[in-house]
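There are 4 protein chains.
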Amino acid sequence: MITVLKNDTTVEQRESLCKWFEDMGLSTYVSEGEYHTIIGLIGDTSKIDIGLLESLSIIESVKRISEPFKKANRKFHVEPSVIDVSGAKIGGGNLMIIAGPCSVETEEQILTIAQSVKNSGATVLRGGAFKPRTSPYDFQGLHAEGIDLLLKAKQQTGLPIISEIMNINDLDLFEGVDIVQVGARNMQNFDLLKELGHTGKVVLLKRGLANTLKELLMSAEYIMAGGNENIILCERGIRTFETYTRNTLDLSAIPALHELTHLPVVVDPSHATGVSRFVEAMALAGVAAGADGIMIEVHNDPEHALCDGAQSVTPDQFSRIASKIKKVHEEVTV
Amino acid sequence: MITVLKNDTTVEQRESLCKWFEDMGLSTYVSEGEYHTIIGLIGDTSKIDIGLLESLSIIESVKRISEPFKKANRKFHVEPSVIDVSGAKIGGGNLMIIAGPCSVETEEQILTIAQSVKNSGATVLRGGAFKPRTSPYDFQGLHAEGIDLLLKAKQQTGLPIISEIMNINDLDLFEGVDIVQVGARNMQNFDLLKELGHTGKVVLLKRGLANTLKELLMSAEYIMAGGNENIILCERGIRTFETYTRNTLDLSAIPALHELTHLPVVVDPSHATGVSRFVEAMALAGVAAGADGIMIEVHNDPEHALCDGAQSVTPDQFSRIASKIKKVHEEVTV
Amino acid sequence: MITVLKNDTTVEQRESLCKWFEDMGLSTYVSEGEYHTIIGLIGDTSKIDIGLLESLSIIESVKRISEPFKKANRKFHVEPSVIDVSGAKIGGGNLMIIAGPCSVETEEQILTIAQSVKNSGATVLRGGAFKPRTSPYDFQGLHAEGIDLLLKAKQQTGLPIISEIMNINDLDLFEGVDIVQVGARNMQNFDLLKELGHTGKVVLLKRGLANTLKELLMSAEYIMAGGNENIILCERGIRTFETYTRNTLDLSAIPALHELTHLPVVVDPSHATGVSRFVEAMALAGVAAGADGIMIEVHNDPEHALCDGAQSVTPDQFSRIASKIKKVHEEVTV
Amino acid sequence: MITVLKNDTTVEQRESLCKWFEDMGLSTYVSEGEYHTIIGLIGDTSKIDIGLLESLSIIESVKRISEPFKKANRKFHVEPSVIDVSGAKIGGGNLMIIAGPCSVETEEQILTIAQSVKNSGATVLRGGAFKPRTSPYDFQGLHAEGIDLLLKAKQQTGLPIISEIMNINDLDLFEGVDIVQVGARNMQNFDLLKELGHTGKVVLLKRGLANTLKELLMSAEYIMAGGNENIILCERGIRTFETYTRNTLDLSAIPALHELTHLPVVVDPSHATGVSRFVEAMALAGVAAGADGIMIEVHNDPEHALCDGAQSVTPDQFSRIASKIKKVHEEVTV
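Protein chains in written order, with our numbering: chain U, 1110 to 1443; chain G, 1110 to 1443; chain S, 1110 to 1443; chain H, 1110 to 1443.
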C-alpha cells in the first residue's frame, strides 16, 4: 500500500504516522519528492481501513498494491478451483450447463422441462421458487411448494438442482438443493453471505447490477471467510445507459475474473439481455470468452410463463444452443 | 397501457388477445396503422406482468401510460405527506436535519456529538450500529451495544434517532429507534421491505446505487402495500463512470420525486461524495433543489473515526453548514 | 408514433393538434381512456421533431413506434449488406480481419507488421496517422507521412488499408486509403459525417463511449442521407463504472445491430479492453456473437509502441488468435 | 509518478528502466517490498505516455501523483480566474447569468427574448445558429443568418453573446461573437480545440456526456497549450442509467472543479434535465453548490420552438428564477 502525503505535512506528523503503521506490524519506507512525500507499507495491509486512512488530514491519496481479498485471490491459489456438484463439475476445463425455467410453476411444467434439458445436455436444472420482483403486485414464486417440485424433478432425472434464496430464514428449505443462488440484488446482503459462509452449500453468487469485479470478489470473500469455499461466480449483465437490452452483459469479466481469482465463472445470457432472440449469440460468446458454465432459461411455453417469459428459449432452441456451445467450447479450449 | 402488435399478427390472434385482456377486467380499443396495430388498455393495469406480455410472440412492444406504483403515487395523493417523528417533522415545507456519526463508537463519542449537533440545529440524531462494509475484514459496528448507546443519547438530548437495519431478525432491537434506515444495498431486499410494511415504524429508504427513481418508488410500494405509509425517501448518489467523487449525487431526483410521489425526500451529501470538503456545497445544493431533509455525517474526531471518516465534517463545520442550510431553505421556499 | 395527451386537454386543443398533424400529411386516430387520451399517427413520422412535440403543454409523452433511421433500417433492406473493400469482403457471412499497429511509426515497423499479419490471415491493414489523444502533450501521429507509409505497405502486400480521419480538411490525404475510420470521439461530429456522406469512401464508424445503438444508427444515417451507403459499424466498448478494463465491450450490440440494421458490424477488442491479455478471449467472443469483422492491434515490439502499447498483441499471438477466430467463425455460421 | 514492478523483474531490467527515466530528465527512487518493487519518479512527468509505460512487460501498474494538466491546474494558479466578457465578468465571486433560446429562429424572436432576459438580469445572451442534432432530418439551425440576428440583438441590447461552433471552418463567422461554445459532443474534437487555442476568443467548453472531470480539464489544456487561457467550463449533465431526466446533472462537479482548477464553472440545467419544470430547482442548486454562472434556455413561445422546446422556460419564469438565483448566490457567498 502506498500513501501520498500532502505538501504541508510536517516531519513530526509524518513520523507519528509511520509509528502508527509500525504499531500495526507493518514496515514503512519513506520517499521524498519535490511535491510529494510517499510512505510505502510492507506487510499484511488487508486489515487497514482505507476510509480511515484517507480521512487523515495529512494524506492526499492512498493506493492499494495488493487486492483486499485473500481466499478468493488467484495469487495465493494458482490452480483454478474445480467444484463438483453431485457429479456435475465446473472449473478447470469442466463446462457446466444450467438450464430450466425462471419460475417453477407446476409439476408437469418442471418435470417436462427437466427431462428435455437433460436430454439436450444440461448438467444442472434451474428453477426459481422465491422470486425477487420489482413490483409487489407481481408473481413472487411458489416458495416451499416450488422447492418440492424441483426435488421431484431432481429425483426423476438425476440432475442436481439450483434455486435462489432471498432470506436466510428459508435456509432449511434448501436442504436438498445442490446449489444455492444469491441473486444480483442480494450480492451485498452481507448478513445473508455470512450465514452461507457457515454452511457447506455450493453457492452461485451473481454480480450486482452496479458492482465492480472487485466488489464481487469481496462478497465471495464474505462467504469464504466463514469457511465455505464452494463458490461459483456469475456474470449476468450490468446496468448502463443502453436500453435496447435489459442490461449490458460484460463478457470481459470472464478473462478478468480468471486472472483475479481461482473461482469458476458462469454466464447468464438470459437475464443479461432479457431477450430470447439474443440468448444463443451471447451464450456462444460467453463460452468463447472462456466461461466455465452457461445458465439459460428454458420454458416449454414461453408465451405463458408466469415470469420473465421474454427471455426464455424453447426446449428445441435450447437443444440447438447446447450443441453449439459444446462445439465452441472444444475449439477454444484446445 | 399500450400494446403494439407485430405486422404479421392475424385477426384471430388479435381477438384472442383482446379477449384475454377483457377477461382481466380491462377495456380495450384497437387502432390499425399501416405498419402496426395498437391495442390500448383501459382500467387497472397495475397487476399486468409486463414481462409476460412482452413474451407473447405477436407483441412488438408494450408501454405503460400509468405508473405501476399506486400508494406512493402523487396522482392519487396530491398533497405532500408530512411525517412527524416524535416532534421532528418532515415534508410539506418542514425541513429535517439529520446529523451524527457514521458509526456509534463509544458512549462519550455519541453523547458529545449528539449534544453538539442538537445545539447547532439538528432535529434527528443518526448513528450506525450495524454497518454494511464491502470487506468482511472491516469494522462491522457495535450491534446491540451501539443501539443502547444511541438510546442513551436520545434520552439525554431528546433528539429522535435513526439507525440502519440490515437483517429483519434484528427488528426487536429497534423498538426505541424512531426511524429505521434501509441502506442502498438493501433497497431491493424485498423480504426486508415486506416485513417493515407490517410494522408502524417510520422507514428511511435509500436509493440503490444503480436504481432508477421508479424502482425506488416500487420499493416504497413494497412497504406501503403492507400498510405502513410512513416512508422517507433518500437520494445518496448513484454509480457512474466518474471516480473523483465516490458516487454521483443526482439532485434532479428531488424535483422529479416531488412530481412522482407525495413522500418526502432527504439528501445525503456525505455518502454521495465521500469527501468532507464537498459536503457543504452539496448540502446547500440539496436544500436549494427542494429537499425536505438533509443527512450529514458529523464526527468529533474524523481522523480517528472507525468508519468512513473521510466524509465526516467536524461539529464546528456542521454548525456553520446547518446555519447556511436554514438560510437557503428560507430563500427557496418563499 | 403515439402521443399521450394530458388529462386536462380540451377538445379544442386536441382537434387543433390533430389538424396540425394532418397538415403534415399524417393520418390520426384518437382513443380516449379514463385517465388519458391518445393520438396515434400514421404515415412518415421520421421528420417530426420529438423535442418540439414534447414541448407542447398538452402533451404528457410521445413514443415512436417506428425507428427514426430509414436508410440504415433493416425493415426496409432485409438482406445484410455486403461491402467489398478492394476484394476484402465483409457482411453476409464474409469475415473481415483487420490488423495492424495503433500508430504508424516507421517504415520498417509498418512493412514488417503488414507482411506478418497478411501471412496470418488478416484481410485489411490498420494503422493510425492522426491520433486522438486525451492529453495535448502525448504523441499525435505522423500525419501525412504516416499515410504515405501505409500506402507503401499497401503496395507491398496488396492489403487494403484503414486509417482514422479527425478533420474533414485532411480528406485529400485519404485518397488512397480504402476505409476511412471515424473514431468514437467523433461519432457525433455531424459536420464530419455529412462531408463523408458526399464521398464514395467506405466508412468504418465507431460507436461513441456513451452512445446508444440507436444514436450510432442515426450517425450512420447522417452519412447515408448524403448518398454514401458504404458503412461498417464498430463496437469498441462503452463507458461504465467498471474500471478493471478500460471500457466495457458490449457484445450484445452485435445481435441487436443485426436485428436493427443491414450494415455489417466489426468488434475491436483491443481498444475496448485496453489489455492485451484479454484480446484473444474477446476477439473469439465477438466472432461467436456473430460479428462480421474483428479489428486487432498488432505491434512487433509492443513494449516500445508510441501509443497504446498495453493493448497490442505480438505478431505471433495474432497468428494464433486469427487461426482460432476462423475456427469459431466456422462453428457458429454452420 | 509511481511505477509498480512485477514480482519477477530482474535487477538488470529494473536498472535499465531507471536509466531510461533518468535519460528523460527524471530522478528516480526505488523501494523494495516483499511482493513488489516500486520506482518513484520526480520531475516533470507530464510528458510521459502512461499507455507506453503500462505496456512494458515488467510493469504491474502506474499511478500519477500529479495531474497531467498544468495550465488549468489550481496548484500552479491558486487564485480563481476572473474572465471579463465585454463587461460581463465570471469567476472569483462574479456571477454570470446566460439566457436565451436554444436556436435563433427569427429576428422578432431573438430581439424580444434578448430584451426580456436583459431586463430580468441576464448578463449574456445565448442563441444557437449551428445545432448538433441526433437526426439528420431535424432542424440544423440558421447558420450565418442566425449569427447575424444574434449580432443585431447584441447591438440593440448591449448584451455580449454566446453561440456554438461545430466546425473550425466557420470560425470567421464568429468574429463578433463574444463567447464561442464547444458543445458536449465536440469536447474531444481535438482539432477544433487546437485551433481555438490559437485564437483569443473566450471559449465555453461543455463537458462530454461520458467524460470525467479530468478529461474535461485535459480538453481545456488542449486550448490553453495553444496560448488561449480564456476558458469557462460547463457542467451540463452526464449519461447514466436514469431515464426520467435526459441526463444526470453532476453538481458535485462544481466543488470538485474548483478544487482542481482555477477556471470558472457554469451549470446548464436546461440541457441537463431536458425538462423545463426542473430548471428552477436545478439552477438554484447549481448556484448553491458554488457555480460561477448559470445558463438557461428561455423562449417566448416554448410550445413552438424549433428545437428543444421541452426544456425552455418562458421569460416570466426566467425573471422569477433569475431573482431567486441572485438571492441564493448572496446567501452562499457570504
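For glycine and all other residues, C-beta sits at the position ideal for the given N, C-alpha and C.
DSSP-derived helix/strand/coil call for residue i
i: S/L1360; result: coil
i: U/A1176; result: According to the sequence as given, residue 1176 of chain U is Glu; it is not Ala. U/E1176: coil per DSSP, three-state reduction.
i: S/Q1224; result: helix
i: H/G1247; result: Checking the sequence, you will find Asp at residue 1247 of chain H rather than Gly. H/D1247 falls in the coil class under three-state DSSP.
i: H/M1205; result: strand
i: H/T1308; result: coil
i: U/A1278; result: Correcting the residue identity first, residue 1278 of chain U is Asn in this sequence and not Ala. Helix, per DSSP.
i: U/S1421; result: coil
i: H/V1384; result: coil
i: G/V1375; result: strand
i: G/G1395; result: helix
i: G/Q1218; result: helix
i: G/E1188; result: coil
Host alpha helix (DSSP H) of residue i (start-end)
i: U/C1127; result: V1120 to D1132
i: H/Y1331; result: L1322 to A1334
i: H/D1287; result: Segment: none, H/D1287 is in no alpha helix (DSSP H) and carries neither H nor E.
i: G/I1430; result: P1424 to T1442
i: S/E1254; result: A1253 to T1266
Test: residue i CB closer than 7 Å to a CB of chain H
i: G/P1364; result: yes
i: U/K1060; result: Nothing in the structure corresponds to residue 1060 of chain U, since chain U is present only between 1110 and 1443.
i: U/Y1138; result: yes
Any chain U beta carbon closer than 7 Å to residue i
i: H/K1128; result: no
i: S/D1359; result: yes
i: G/R1294; result: yes
Proximity test, Cβ basis, 7 Å: residue i and chain S
i: U/A1181; result: no
i: H/Q1290; result: no
i: H/P1378; result: no
i: G/G1149; result: yes
i: G/R1348; result: yes
i: U/K1263; result: no
For residue i, the first and last residue of its enclosing beta strand (DSSP E)
i: S/T1354; result: Counting along the chain, S/T1354 falls outside any beta strand (DSSP E), and DSSP gives it neither H nor E.
i: G/M1404; result: G1402 to E1406
i: U/S1272; result: I1270 to I1274
i: U/K1198; result: A1197 to I1199
i: G/S1136; result: S1136 to E1141
i: H/T1146; result: T1146 to I1151
i: H/V1194; result: I1192 to V1194
Chain G within 7 Å of residue i, Cβ atoms only
i: U/L1318; result: yes
Bridge-paired residues (DSSP) for residue i
i: G/K1315; result: G/C1343
i: U/I1111; result: U/G1149 and U/K1172
i: S/G1237; result: S/S1212
i: U/N1182; result: U/T1370
Q) Between the stretch 1399-1411 of chain U and the stretch 1202-1221 of chain U, do three or more beta carbon pairs fall short of 8 Å? A) yes
Stretch pair the stretch 1231-1238 of chain H + the stretch 1257-1269 of chain H: three plus CB contacts closer than 8 Å: yes
So, does the stretch 1430-1437 of chain H touch the stretch 1126-1146 of chain S, judging by three or more C-beta pairs under 8 Å?
no
Mind the definition here: the stretch 1296-1308 of chain U touches the stretch 1307-1314 of chain G only if three or more C-beta pairs lie below 8 Å; say whether that holds.
no
Practice item. Report yes or no: do the stretch 1365-1383 of chain U and the stretch 1345-1354 of chain U share at least 3 C-beta pairs separated by less than 8 Å? Key: yes
Using 8 Å as the Cβ pair cut-off and three pairs as the minimum, do the stretch 1318-1333 of chain H and the stretch 1327-1339 of chain S touch?
no
Decide if the stretch 1214-1233 of chain G is in contact with the stretch 1418-1430 of chain G; the criterion is three or more beta carbon pairs, one per stretch, under 8 Å apart.
yes
- Query: For the stretch 1280-1287 of chain U against the stretch 1277-1295 of chain G, are there 3 or more C-beta pairs whose distance is under 8 Å?
  - Reply: no
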